[in-house]
Structure formats: structure tokens, C-alpha cells
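Peer 1: Structure in C-alpha cells, see below.
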Amino acid sequence: MVDILSTPILVTTILAAVGLGIPVLDALRKERGANNNKIYSMIAFGALVLSIGIVIFRVLSGEVLPAVAFGNEVLSDDMFGSFFAVAFLIVSIVVAASSWTYMKGRANPAAYYSLLLLSSIGMVLIGYSTDLVMLLVAWELMSIPTYALAAFAKRDPISNEAAIKYFMFGALSSAILVFAIGLVYGITGSTNIGVAVTTFATLGPELVPVGLLTIGLFIAGFGFKMGLVPFHMWLPDTYEGSPTTISALLAAGTKKAGFAAAIRVVILGMFALNTDWTLTLAILAVFTMTLGNLAAIMQKSVTRMLAYSSIAQAGYMLIGMALAPYSQEALTGTLFQIFNHAVMKSTAFIAAACVAVVLASYSLEKYRGLGRRMPITAICLSISLLALAGIPPLNGFWSKLVLFGAAIDSGPLVEWGPYLAIAGVLNSALSLAYYVWIMRKMYMEESPDMSRVKEPRAMVAVLIFGAVFMVGFGIWHAPILEFASEAVPNLAETMTIISTNSTEVSSGSGTGVNEVPGVFPPLSSSFMLEQAEGTHTN
Amino acid sequence: MTTAEGVMGFQGIAINVWLIWMLPFIGAALMPALRRNKPNLLNYTAVGFSLASAILAATLIPLALTDSEVHSQINWISALNLDAGILADPLAIIMTNVVAWISFLIFVYSVGYLHGERDLTRYWFFMLFFIGSMQLIVLSDNLLMLFFGWEGVGLASYALIGFWYYDKKKDYVGRERHMALGIPMWASPTHAGMKAFLMTKAGDIMMLAGMFLIFIYAGTFGFKELVADQSWAIEMSSQNLLVPAAILLFGGAVGKSAQLPLNEWLLEAMTGPTSVSALIHAATMVKAGVFLVGRIGPLFFALAAFDMAQFFEVIAWVGAITAFLLATQALVNPEIKKVLAYSTGSQIGYMMMALGIAGLSTQFVDGYTAGFFQLISHALFKASLFMGAGALLHAVGSRFLTDMGGVRKHMKKTYIFMLLAGLSLAGAPLVTSGFWSKDSIFAATLESGYTYAIPLFAIAVIVAIMTAFYTFRMLGMAFFGDPSKHLKEMDAKGHHVHEVSKVMWVPFGILAGATIAIGLIGIPFEEELHNVFAAYLDTSFGIPEEGSTQGEVMTGQQGPGGDESEEEREVEGRFEINYAAVAASVIAFGVGGGLGYLFYIARKLNPEIISKSIVTRAIWKFLYNRWYLNSILYWGTVIIPMLIYRIIWRYFESTIIDGINPAFQFSMSSFSKIVKAGQTGITQTYLFVFGVGIMILVMLLLI
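As they're listed, the protein sequences go chains A and B. Per our numbering, the first sequence starts with residue 23, numbered consecutively. Per our numbering, the second sequence starts with residue 7, numbered consecutively.
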């Protein structure tokens, strides 16, 4: 049994109680004024802060297990899950706080915050899941509220279109995931990820194609959330059409949940299969980042631009996943980038929401002269854009440095590794074209109306938090990098577990054994150069 | 070393050290959040933060006296194995207190000086930013963080020199329409800010190069680590890179401390508010160069196996020549702040010379102590003089000495305090700190045993004579004689010269008092400083107080202190007064001060006599045009490079580069359009792509 006092259970309990309590409270309250929004926003904010406090407290007090690849239970209270929980909860907090302003005067605030909290539970649980069924439940718990949230402006056709597209893809990908899980159960007889992976390592030759098909389906199912090309088509439409705070949640939160799930399932699962799947992911990565950046350049709407930008960012994160078998550092880089991206992208979206609230437009043309009209929003947006582009000393620079550095250092092991870094660097340069374009509009052009407008306080507070985070953890990035490297399961150990377990299985069953991939070198958390060279000479 | 606490791990006092430099930054960040229309709120907040930082600095003093240190590090950039850390050793503790307390007093002064200024937010932001950066330089335990602080003070300096960026004529420096070799010798605040920024950058680039050169070989920026493992030095010296790297580092100090050949920016820097001149361009920032040499000097000296004499020779001679050059120019300048600026550069030259001498002598600690004694004493009296000058500007409304005269009757307090601080600058015997610090430099030079010690000593004495002369000239022109035409006109209009407010005169009164107080206890003070540094150098760098580390330097140089026996390694035993040096100081003050007195205070002689002879006129013009160095610099580094740039722009950039750019732009936007065309908005297409995507993916995996 999972310990009642473990992090995921505590967080789930708090968020579920509050999330379900808000509609009840709303039903009991007679008043129907604008105050409701403020009260619920504050309650949701409080519950989320309490949850993140619990997660961080448990991490700091050392009660959390070190990151494990597999667990016997359905949930494992480990560093990997805690890392993602912190990232997701930051995003939820940002969304809840800025909704204070954004939801002002809109209908059904109680349902809004309730759905937000329920979706947060789903996101948090994905990180902790070690069982495919648990994962699927968490996945749906995360996704279904967001379908409703995307359509929250129910009289707005664009919002509805966004939600419908999102829902159709969501339904499709859920179906694919269920199918994939079914296949896994069919092949291995278990839904526990650990058991499944170990069994995968001993698949008979006739079953390997089925195994690969399963992996492919998983990639497609999770890739829809991650925004990987070619599963990205719904994404710009949805991010643009949804209420902007929800876009922030989708781009910064649920998208990362896709990565969490993918790392738990796909990467570990792929270890077991002795095929060259890394190149496939690398190709996906390059396509994703290039296409995202190219499409973003010519956009006229800022939210749409940010949507494409988050596709491109998914490409960078995929670099680390593609290189996972060669370097622990690469996966650390992915996690690091995920964490930073959660803050950078949510800040950027909230800034766009702030402009939308005040000027009622997402159009890039409306951003002209924003530097003087809304100085705080403009500077925070600029910081987040520069961080997204990876300009030092902001936090985005460091995660890209770790990622690309790992890619270069993997050169001796895999010849296409360094090319990923080159693609990433070129794409970063390309991405500046539109990031700086927004800044140019804000600071170097003037709009006909240059009057100073009032910036909503709650959003400004959120934006300043984001800006301070990006600058502060840019100057001193060590804590998050350390957290990220703690959160990556020790892959060498994982390999050993898989190989020993599979040997037992194979000796028991007597079927042909697939050799464990020989590419896997001894790992450490430092840069891989020495080890890589050592392996090379061997 | 009596390190009371461990080097790593949590130390209560380490928090203080971190806060000393972080608090001002926090205060700076707070400034824009405060209401602009409440000047008192801004003033109190800023002064409060600087006081808090100063009090924290004061808590470290006991550590310096017991030769302890605080060293705390945190993991910073793990990929490069870099740690962020602070190091409060006796050197840093002394410096941090000088910076913190003088800046606190100047902050108080600013409240009066900038009364009614509309851009207080900007002023306080950069002042606090400056202190934070300066303290970061002082307390950093590695070259990299030091460099961040270094650039921070450069930025603050730039922003504050150009503080009055609306370029009103009254904020200019230099006499209008004064040209030399076709270059204007007057400058607007914005121009001056730019000039200062660019010139110091030239030094910074050298410093950066030196830093990274060392980093390549040592793999660390940390001062402690560089001392602990000296294998990098062996490798560097085998490539003949050690001395060049050291000199490159010194290049940064040259720029920041306005030493030859990067000395020209300091004079134009006087366009900033006088409080800024006092804090940044006299008392603290320009000392950063000296501090840097004080940080790396012992390090290079401790590399006993290598001959670093060249490095120290460069320092000593650059210092001596700058001291001479700027002192001569101070003799003829008509603007009170510029006289003080020349004097600052000149006095820093003394400090550099002392530190250079330290490395060339058997007794490293003598020159080292002399340099830092001069630094402390100069910080006190020059800050006081600048603030007094600010009070004068306030009262008289003109920056020219010729527009003053006879002011002493109306501004008694300013007069007395400036006189005291001025006497210290001039080196009035026995009662002023300036006398003792200068004397210690003379003594260190005489006792060094360096081959060319006598020429250096001669330069130092000549500079001392000139210093006394121009100090009396400045005081005499401002406070004595008859009121100038300008003052009479003001009087006629009903603007009477009057004493400045308490908030202004109290700070510089305190500093003037301090310089006399240190003068009165000059010998014990110097001895204590000597002991602190002797113990520090011994424990941190293994530089013992006696015994030669450099082979070619002969020991047993005559002089009262030279023949101490070996067993008297005791810190107490070494310090003695060198009577030759004392005599030289007294004579220098007598000659220079006497002449100055006759010309400008007693007015027995008329300074106009120099215009009678063609030779003296030519010399006057040469000095007044700053040895033409400024003009040469402009021609060589601004005008000619700009011409070349125009040619490149015309024939390369606008034809070739601009010819290629549109093609690149066009291709990218075409790609973008193609990609966009795929995004039809029709859900069926999307689903189709999704389905095809899965198929391709699975096929890729199956191959």
C-alpha cells in the first residue's frame, strides 16, 4: 500500500478537498457578486501554496525517496515526482493568482477554480505514477478539466473551437494510450511499469515489433500533449483560443506532464528494447524545434507566437530524451529545461493575458509602445522572452547550456549527438527573430495612443515573481540544477535492475534473451567528457 | 592563522559578510518601488541601507585585529566548477570599512546636496548599486565575482557622471572654447560619462584577458585556490605567460584608478554631482585598482620561484609617473573639482608606487602597509575636500576658483574643515594622516633596496612639493584675498554667500576631524596597520616579515630598520621611523606650502609673473593643455578609427553585408509561410497529419 502520509496522497487530499469544496461553497453562498471570484481565487491559491509547501518541505526534510525508475506500488514518493510536482504547482499558483484579475466579471468562477485544482491533482500524480493504469487515470484527471477550461468563454466561438479541437485530439490520444497500455498488458501481463519494462527486455524476436509499436503509440499519445511535430497541429489553435490563463496552464503545465509521463514510460521502456530508437527521437526533436520556430516568425498574434514557441521548446527538451541512454546529464538538462520553461512560458502567457485584459487584444500591433504604456508588463515579458531565447544570465540560458553541452559531450558515443546541439543553437538564433520582434514593437515603436494604462495588480505581482525567478535563478542556477539532477533516476542502476531482473525472467522461462543495449556507458552526474573518452578508447 | 571558525560550512559572521554587499543591492531594487514624490522616504531608505551595510562591516573589525578570516562558498556554476564566495580577510575588512563608512557619510551629505533634485530615485538607485558593487569587489573570494562588481561600479560611475544628462552649460567641465590640437577640452556630462565608460573598458578588457589566461592554466578564479596550488604558475611561466598575465590584470587597475595611460577620464568625470565625485571618483571606486593590486600583488610575490620583478617595476613606475604627471597639471587648473581630481589621480599614483615598491623590496609588508595607509588617509581627506568643494559650489554657484575668493569670512565651518583636510593632503608635519602616510611611502622607497629607488624617491618628493603647492593655491584662491567679480555681482543681486546646512557640513567635518585624529596618533596607527598586514601576509601568503624571497635583492640596506636580527620575526619588532623620510616630507611640505602661502594666501608674490617670460608661459600652456595627452588620445583612438569605420561601412557593410541580408530574410519568411500554409485550421487535416505521423513514427522505429 502507498503510505497515507506520502506526498502525492497529501497533495491529492488537500487539492481534492478544496477543489470539490469550492463549488459546494458556491452553492451555499447567496451572494453572486464579483467578490466570489476573489474569494475562490484566494482559496485556490492558498491550497496550492500549501501543497507546494508540503512537497518542498518533504523534499528538504529528506523523507522523499531518491529518484527511482520503478516502484512496486502505483505511486512512488520519489524525487522525480517531487520535481515535477513543484514545477506544476508553480504554474498552477501563477494561474490561480492571475485569474484573480482575469476572471473578474466572468461567469462561474467556482467551477473555474475547481477545475483548475482538479487538473493540478492530475498533473502532480502523473509525476509520481509508477503504474500504467494509475498514469492513465492521472492523465485523464489532468486532461478532462482542461477541455472544459479551454471552452470557458462559452459564448466565444474561438474559445469553443479551441476546446473542440483540443478535445478531439485529447480523445484520440487517450484512445491510443489505452490501446498501448492494452498491448503492454497483453505482452507482459502487468501494468506495473517496472515489471513491463523488465519483461520487454526479454521479448522473443517475434514480439519485438509489437513492443516497438507500443512504444510508437506511447510517443504519439504523450507527444500530443508535448506538442511534438507531427502531433502538434491542434496546439496553436487551442493556445490562441483558450482563455489566456488557461493557455499558460496548458503550455507550462500539462505540456510538461506529457514529458513526465514520457520519461517514466517511453524512455525507460526503450532502454529495454535493443534497437536504435534514439535517432528517431532526435529526428523528431529537430523537426519539432525547426518547425515551431519557423512558423512562429510570421505570426501576428502574440499568443499564437508563444504557442509555436512552446512547440519549439518541446524540441529542445526532446534533445535530452533522445540522448538519455548516453548521458545522465542530458536527461538532467531536459528536466532543468522543463522546470525553467514552466516559469518562463507561464510568465510570458500571463503577460499576454495582462495585455489582453487591459487592451482587449492579442494582436502584435497592439504591443507597439507597450514599454511606456505598461512598463512592468513590458519588462517582465521581455525578460521571459529573453529567457526563452536562452540569453545569459537568465535561467533559460543555463538549461540550454546543460542540454547542448550534454549533446556535444555525447559525441564520442553517438556521432549525431553534436548535431543536435548545432540544431539547437541555430534554432535559438532563429527564435530570437520573433522574440526580439515583440520587444522591438514594445520599445522602439509608438502606437497612436501612448497613454499610460493601469496594470492589474494581481497580474503584476505574478509577473514580478516570474521575472525575479528568472533573473535570480539565472544568476544562481545551482539549486534548481541540483534538484533536477537529483530527480533523474540513476540510469546505470536502472539498466542493472533491468538486466538482472530480465536474466531471472529469462532463465526461468528459457526464451531467447535480447542483450541489454551495450551503448550504455558508466554514468556520473558530472559532465560526461572523461567517461565518454574512456569509453571511446575501450 | 588564528582562524576562529572553520573555512567551510555555516558561520554566523559569514551571513554578515554576504549581507554587506547584498543589502545595498536590495535597497537599490527597492528604490523604484518607492513613491517619487516623497523625497524624504527615498533619502531615509537609502541612508538606512548604507548605514546597515556599514554597521555589518564594523562587526568584522575584531576579526582583522586578530588576523582571522571568514571564507564562505556556495556552489554556483557546477558545469565549470565555479563557486561563488566571499572572503573577508584583514585586507578586505579594512577596505570594506573604509568604503562603507565613507559612503554612509557621503549619503548623509547627499541628502543636503541634492535637496530639490527631481531624479532622486535614479540617484539613489545608482548610489546604492555602486556601494553593492564596490563591496562585491572587496569581499569577493574570486576574480570572476570581483569582475562583476568591477563592471557594476563602472556602470554606476557612468550613470552618475552623466547624472545631469540634460547637458546644461553649468554642469560642464572645462572652460568653454578651450581647444588643444583641435580637440575641445570641455565636456558635457553625457560625453564625460561615455568617455569614462569607454576608457575604463579598455582596462577591463585587459583585465578580462588576464583573468581568463590564468583561469585556463589554473582552472579556478579563487584567490585562496590560486595560492594553495601554485602549479599553474609553473606552467604559465614555462610559457612566458605569467608576467604578461599579471600585467594584463594590472591593466584593469590602470583603467579603474585612472593611471597613465588611461588617466584622462577622471577629469571629465567631475561633471557628476559633487557627492558622486567624492564617493566614486575620489574615495572609493578609483581605489578599486589599488585594491586589486593589493589582492593580486602578494599572490604574485608569493610565487617565490619566479622572477616577478618586472611586474612590480611596471606598477611602481606607472604609479610614480602618473603621480608626477597629474600633480603638474593640478598646478595650473582653474576649477576646484578638477584640481581635486588631478590630485586624486596623483595620490593614487603614490599608492601604486608603494605597492610596486613592496614587490621590489625585501620587506614586502613595508610598501604594502604604506600603500594602504595612503589609501585610507587619502579616502578620508579627499572625500572631505570634495564635500567641502561641493559646499563651495553650492554657495558660490561657480566651479571656477577665479570666481571665488575671500569666502572664509562667510563660510567659517567649511573653511576650517577644508583647511584641515587640505593640510592633510599637503602633508602638514606630525598632525595629519597625510603626512604619516606619505612619509611611510618615502621610507618604504628608501629602504627597498631596489636599484632605481633613488629616482623614484626623487619623483615622490617633487610630487609632494607640488601637492603642497597646489593645495595652498586652491585654498588660497577660494578662501583668501578679495571677493571675485562674480561674487560681487552675486552680492549686488542679493545672493549672499552663506554657510551650508548642517546635514552637509557635519559629514565632511567628521572626515576632516578623522584625518587629524589619525595624524595625531600617526605612529601607533601605522604600527598597528603594519602588524595587521604583516600577520596577514605571513599567514595567507607565507610572506614572512623578514628574509629575502627574491634572490637579487640585497639585504641589509642601511637605515634604522634594516639590521634587525633574524629572531625578531615578532610582528612588533620591525616597525621604526625612518628619519631621512621624515625630513624629506617636512622639507617638501615647507617648500611647496611656503611657495603656495606666499603666492596665494599672504599674496606677497603675484602669480601673474609666469606670463612675463616666454618659457614659463610655454610650460603653463603645456600643463594647462594636459601635456596634450587628451588630444593625442582623441586623435588616435576616436577620430582616426571613426574614419576607418566610415570607410568599412561605406565599402563593405553597406554593399556586401546589406546585399546578403535581404536574401536571408526573404528565405526565412518564405519558409515560414510554407510552414504556416500547413496549418489550415481544418480539424480533418490535423487528424490526418496525426494519423500519418503515427505511421511514420512506427515505421521509423521498426526500421
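A virtual CB, placed ideally from N, CA and C, is assigned to each residue, including glycine.
For the beta strand (DSSP E) holding glycine 91 (chain B), just list the boundary residues, first then last.
Peer 2: On the second sequence, residue 91 (chain B) is found 85 positions in, with the first residue counted as 1. Looking at the DSSP string, the run of the beta strand (DSSP E) that includes glycine 91 (chain B) is 88 to 94.
Peer 1: Across which residues does DSSP place histidine 406 (chain B) in a beta bridge pair?
Peer 2: For the purposes of this step, residue 406 (chain B) is taken as the residue at position 400 of the second sequence. The amino acid occupying residue 406 (chain B) in the given sequence is phenylalanine; histidine does not appear at that position. Note: phenylalanine 406 (chain B) sits in a beta bridge opposite B:Glu341.
Peer 1: Quick check: the stretch 475 to 482 of chain B against the stretch 424 to 437 of chain B, are there 3 or more CB pairs under 8 Å?
Peer 2: At 8 Å Cβ cutoff, the stretches touch.
Peer 1: Can you tell me whether aspartate 235 (chain B) is buried or exposed? The criterion is at least 16 other CB atoms within 10 Å of its CB, across all chains shown.
Peer 2: If you number the second sequence from 1, residue 235 (chain B) lands on position 229. Flag for aspartate 235 (chain B) reads exposed.
Peer 1: Using a Cβ-Cβ cut-off of 8 Å, state whether threonine 689 (chain B) counts as contacting chain A.
Peer 2: For this step, residue 689 (chain B) is matched to residue 683 along the second sequence. So, interface residue.
Peer 1: Exposed or buried, which one is glutamate 576 (chain B) when buried takes at least 16 other CB atoms within 10 Å?
Peer 2: Residue mapping note: residue 576 (chain B) aligns to position 570 of the second sequence, counting from 1. Because glutamate 576 (chain B) carries a pLDDT of 41, less than 50, the predicted location of this residue cannot be relied on, and the following value inherits that uncertainty. That one is exposed.
Peer 1: What residue range does the beta strand (DSSP E) around asparagine 81 (chain B) cover?
Peer 2: Taking the second sequence and counting its residues from 1, one reaches residue 81 (chain B) at position 75. 76 to 83 is the extent of the beta strand (DSSP E) around asparagine 81 (chain B).
Peer 1: With which residues is valine 249 (chain B) paired in a DSSP beta bridge?
Peer 2: Sequence index remark: in the second sequence, residue 249 (chain B) carries index 243 (1-based). In the DSSP output, where bridge partners are listed per residue, valine 249 (chain B) has none listed.
Peer 1: Identify whether proline 190 (chain B) lies in helix, strand or coil by the three-state DSSP scheme.
Peer 2: Along the second sequence, read from residue 1 onward, the residue named residue 190 (chain B) stands at position 184. Strand at proline 190 (chain B).
Peer 1: If we count Cβ pairs, one from each stretch, closer than 8 Å, do we get three or more for the stretch 279 to 288 of chain A versus the stretch 169 to 178 of chain A?
Peer 2: Taking 8 Å as the limit for Cβ pairs, the verdict is that the stretch 169 to 178 of chain A does not touch the stretch 279 to 288 of chain A.
Peer 1: For the stretch 116 to 134 of chain B against the stretch 229 to 248 of chain B, do three or more pairs of beta-carbon atoms, one drawn from each stretch, fall closer than 8 Å, so that the two count as touching?
Peer 2: Taking 8 Å as the limit for Cβ pairs, the verdict is that the stretch 229 to 248 of chain B does not touch the stretch 116 to 134 of chain B.
Peer 1: List the endpoints of the continuous alpha helix (DSSP H) containing proline 231 (chain A).
Peer 2: For the purposes of this step, residue 231 (chain A) is identified with residue 209 of the first sequence, where counting begins at 1. Start and end: 230 to 248.
Peer 1: Report all residues from its chain with a CB closer than 6 Å to the CB of glutamate 578 (chain B); omit the five preceding and five following residues, and keep chain order.
Peer 2: Counting from one through the second sequence, the residue named residue 578 (chain B) turns up at place 572. Caution applies to glutamate 578 (chain B), whose pLDDT of 42 falls short of 50 and renders its modelled position unreliable; the value that the coordinates give is listed next. Same-chain partners within the cutoff: there are none.
Peer 1: Opposite glycine 228 (chain B) in the DSSP bridges: which residues?
Peer 2: Residue numbering aside, residue 228 (chain B) sits at position 222 when the second sequence is read from its first letter. DSSP output for glycine 228 (chain B) lists B:Asn148 as bridge partner(s).
Peer 1: Under the three-state reduction of DSSP, which class applies to valine 567 (chain A): helix, strand or coil?
Peer 2: A question about residue 567 (chain A) goes unanswered here, because the residues of chain A that appear run from 23 up to 560.
Peer 1: Taking leucine 149 (chain B) as the reference, give the member of B:Leu255, B:Leu71, B:Tyr356 and B:Pro68 with the closest Cα.
Peer 2: As a first step, residue 149 (chain B) is located in the second sequence; it is residue number 143 there, counting from the start. Minimum Cα distance to leucine 149 (chain B) is reached at B:Leu255.
Peer 1: Taking 8 Å as the threshold (beta carbon to beta carbon), is phenylalanine 426 (chain A) in contact with chain B?
Peer 2: Within the first sequence, residue 426 (chain A) is the residue found at index 404, counting from 1. Answer no: the Cβ-Cβ gap between phenylalanine 426 (chain A) and chain B never drops below 8 Å.
Peer 1: Are three or more beta carbon pairs between the stretch 432 to 440 of chain A and the stretch 84 to 100 of chain B nearer than 8 Å?
Peer 2: The answer is no - the stretch 84 to 100 of chain B does not touch the stretch 432 to 440 of chain A, with fewer than three Cβ pairs under 8 Å.
Peer 1: Return yes when the Cβ of alanine 275 (chain B) is within less than 8 Å of the Cβ of alanine 389 (chain B), no when it is not.
Peer 2: As a first step, residue 389 (chain B) must be located in the second sequence, where it is residue number 383. As a first step, residue 275 (chain B) must be located in the second sequence, where it is residue number 269. No, they are not a contact pair.
Peer 1: Glutamate 453 (chain B) lies in the alpha helix (DSSP H); which residues open and close that run?
Peer 2: Mapped onto the second sequence, residue 453 (chain B) falls at position 447. Unbroken alpha helix (DSSP H) run through glutamate 453 (chain B): 439 to 453.
Peer 1: Threonine 380 (chain B): which of B:Asp445, B:Gly216, B:Asn339 and B:Ala239 sits nearest, CA to CA?
Peer 2: Position 374 of the second sequence holds residue 380 (chain B). Reading the sequence as shown, one finds glutamine at residue 380 (chain B) and not threonine. Nearest of B:Asp445, B:Gly216, B:Asn339 and B:Ala239 to glutamine 380 (chain B), Cα basis: B:Asp445.
Peer 1: What does lysine 679 (chain B) reach in chain A if we use C-beta pairs closer than 8 Å?
Peer 2: Numbered from 1 along the second sequence, position 673 holds the residue referred to as residue 679 (chain B). Per Cβ cutoff of 8 Å: Met320.
Peer 1: Leaving aside the five residues before and after threonine 477 (chain B) along the sequence, list all residues of the same chain whose C-beta is less than 6 Å from its C-beta, in chain order.
Peer 2: Position 471 of the second sequence, counted from the first residue, corresponds to residue 477 (chain B). Cβ within range, chain order: Gly428, Leu431 and Ala432.
Peer 1: Relative to the C-alpha of methionine 339 (chain A), which residue among A:Gly280, A:Ala382 and A:Phe79 is closest?
Peer 2: The residue given as residue 339 (chain A) occupies position 317 in the first sequence. Selected option, being the one with the closest Cα: A:Gly280.
Peer 1: Rounded to the nearest angstrom, what separates glycine 553 (chain B) and valine 320 (chain B) at their Cα positions?
Peer 2: Translated into the one-based positions of the second sequence, residue 553 (chain B) becomes position 547. Translated into the one-based positions of the second sequence, residue 320 (chain B) becomes position 314. Its pLDDT being 44, under 50, glycine 553 (chain B) is placed unreliably by the model, and nothing is read from it.
Peer 1: Say whether chain B places a C-beta atom closer than 8 Å to the C-beta of glycine 488 (chain A).
Peer 2: Within the first sequence, residue 488 (chain A) is the residue found at index 466, counting from 1. No, because no Cβ of chain B sits closer than 8 Å to the Cβ of glycine 488 (chain A).
Peer 1: Compare the C-beta of proline 539 (chain A) with all C-beta atoms of chain B and state if any pair is closer than 8 Å.
Peer 2: Reading the first sequence from its first residue, position 517 is the one you call residue 539 (chain A). Any reading at proline 539 (chain A) needs caution, since the residue's pLDDT is 39, under 50, leaving its predicted position unreliable; the model's value is listed next. It does not; no Cβ of chain B falls within 8 Å.
Peer 1: Between methionine 151 (chain B) and chain D, is any beta-carbon pair separated by less than 8 Å?
Peer 2: Going by chain labels, chain D is absent from the structure shown, which instead holds the protein chains A and B.
Peer 1: Give the single residue among A:His499, A:Ile74 and A:Ala119 whose Cα lies nearest to the Cα of methionine 145 (chain A).
Peer 2: Numbered from its first residue, the first sequence carries residue 145 (chain A) at position 123. Ranking the options by Cα distance to methionine 145 (chain A), first place goes to A:Ile74.
Peer 1: Taking only beta-carbon atoms, is tryptophan 459 (chain A) less than 8 Å away from chain B?
Peer 2: The residue you call residue 459 (chain A) lines up with position 437 of the first sequence. Cβ-Cβ to chain B under 8 Å: no for tryptophan 459 (chain A).
Peer 1: For alanine 520 (chain B), count neighbouring C-beta atoms within 10 Å of its own C-beta (all shown protein chains included) and say buried if the count is 16 or more, exposed if not.
Peer 2: To locate residue 520 (chain B), count along the second sequence from 1; it is residue 514. Buried, because 16 or more other Cβ atoms sit within 10 Å of the Cβ of alanine 520 (chain B).
Peer 1: Report, in whole angstroms, the separation of the C-beta atoms of alanine 352 (chain A) and methionine 481 (chain A), which I expect to be a contact under 8 Å.
Peer 2: What you label residue 352 (chain A) is simply residue 330 of the first sequence in a count that begins at 1. What you label residue 481 (chain A) is simply residue 459 of the first sequence in a count that begins at 1. The pair is not a contact, with the Cβ atoms about 36 Å apart (cut-off 8 Å).
Peer 1: Under 8 Å: do the stretch 252 to 266 of chain A and the stretch 684 to 702 of chain B share three or more Cβ pairs, one atom per stretch?
Peer 2: Touching, yes, given that three or more Cβ pairs across the two stretches are closer than 8 Å.
Peer 1: Does the distance from the CB of phenylalanine 595 (chain B) to the CB of alanine 474 (chain B) come in under 8 Å?
Peer 2: Here the question's residue 595 (chain B) lines up with position 589 in the second sequence. Here the question's residue 474 (chain B) lines up with position 468 in the second sequence. Yes.
Peer 1: Per the DSSP calculation, asparagine 59 (chain A) is bridged to which residue(s)?
Peer 2: Walking along the first sequence from the start, residue 59 (chain A) turns up at place 37. In DSSP, asparagine 59 (chain A) forms no bridge with anything.
Peer 1: If we ignore side chains and look at the alpha-carbon of each, how far apart do tyrosine 457 (chain A) and valine 117 (chain A) end up?
Peer 2: Counted from its first residue, the first sequence places residue 457 (chain A) at position 435. Counted from its first residue, the first sequence places residue 117 (chain A) at position 95. Computed Cα separation, rounded: 22 Å.
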